[in-house]
C-alpha cells in the first residue's frame, strides 16, 4: 500500500511531462539512501516515449513487437498497440500484484519460442479472473487493475482517486510493521510517503490549449 501510493505519484509526475515509461517492473524502482531512504525513485527511461506532441495526444498505431517486460506489460502492449498512460498503469497494477503475491499466474510459462511464450502470457492475462488474482488480498488492487484496463487510449487516468483509495486502505489496515520494509527502522516506516494525498498534478490534456487527438489511419484489431 505504501509503495502503491508513491509509484502512482511517480507515474502521475512522469505523465504530466508528456512522457510514458513503457518498461514498468520492480527492477526500475529504487529506494533512496540516507535521509531519502523512504522515497521511491523510478529509473531506466531507455524505452520511454512522448505520448503528448504538438499539444495533442499521439495517435494510435499498430507496432510489430512487444515493448517492455512481458511479465508486467499491458494486454494492449502484447497486442502490439501503441502504448499510452493506461499501459504504464496496467503494468504498475501487475507489478503491485506481483509484489503482493510473490508471483503471477503467467510467470514461468513454458514455450518453445519467445513468440509462443508472449502469446501464452497474453492469453493468461486476458482470461485469468481478476477477483481470483486478488484472492486473499485487498480488493483495492484488483479494482485498480480493472479500472486501468478499462481506460481508453487517450483517457486521462484518475491518479488522485486511486491514491485516495490506497490511503483509505492504509488507514483501514493500520500502520504496517517494520517487517514490511526491513531496511527501515522505527519512525521511518511510518514516513515512507511524505506526499500529501490531496496533491494533484496538471496533465497535458488539462490545459486550455490542448487539442483533440488526431485520428489514426491504422486499423486496430
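Residue numbers (UniProt numbering): 1 to 221.
A virtual CB, placed ideally from N, CA and C, is assigned to each residue, including glycine.
Since we're looking at a predicted model, the values are computed, not measured.
Just the Cα atoms here: how many angstroms apart are residue 200 and residue 108? Distance between the alpha carbons of residue 200 and residue 108: 38 Å.
Note down the Cα distance separating residue 137 from residue 54, rounded to an integer number of angstroms. 43 Å
Can you tell me the Cβ-Cβ gap for residue 82 and residue 63, rounded? I've got them flagged as a contact below 8 Å. That pair is a contact at about 6 Å.
Considering residue 144, what are the terminal residues of the alpha helix (DSSP H) in which it resides? 140-150
Apart from the five residues just before and just after residue 10, which ones in its own chain have a Cβ nearer than 6 Å to its Cβ? Excluding sequence neighbours, residue 10 sits near 42.
How big is the Cα-Cα spacing for residue 27 and residue 40? One C-alpha to the other measures close to 12 Å.
So residue 22 packs on residue 48, CB below 8 Å; how close in whole Å? 6 Å between Cβ atoms; contact.
Given a cut-off of 8 Å, decide if residue 163 and residue 8 are closer than it, judged by their beta-carbon atoms. yes
Buried or exposed for residue 168, please, with buried defined as at least 16 other CB atoms from any protein chain shown within 10 angstroms of its CB. exposed
Reducing DSSP to helix, strand and coil, say where residue 62 ends up. strand
Tell me which residue opens and which closes the alpha helix (DSSP H) that residue 166 is part of. 159-173
Could you spell out where the alpha helix (DSSP H) holding residue 45 opens and where it closes? Here residue 45 belongs to no alpha helix (DSSP H), and DSSP marks it neither H nor E.
With DSSP collapsed to three states, give me the class of residue 33. Three-state DSSP puts residue 33 in coil, outside helix and strand.
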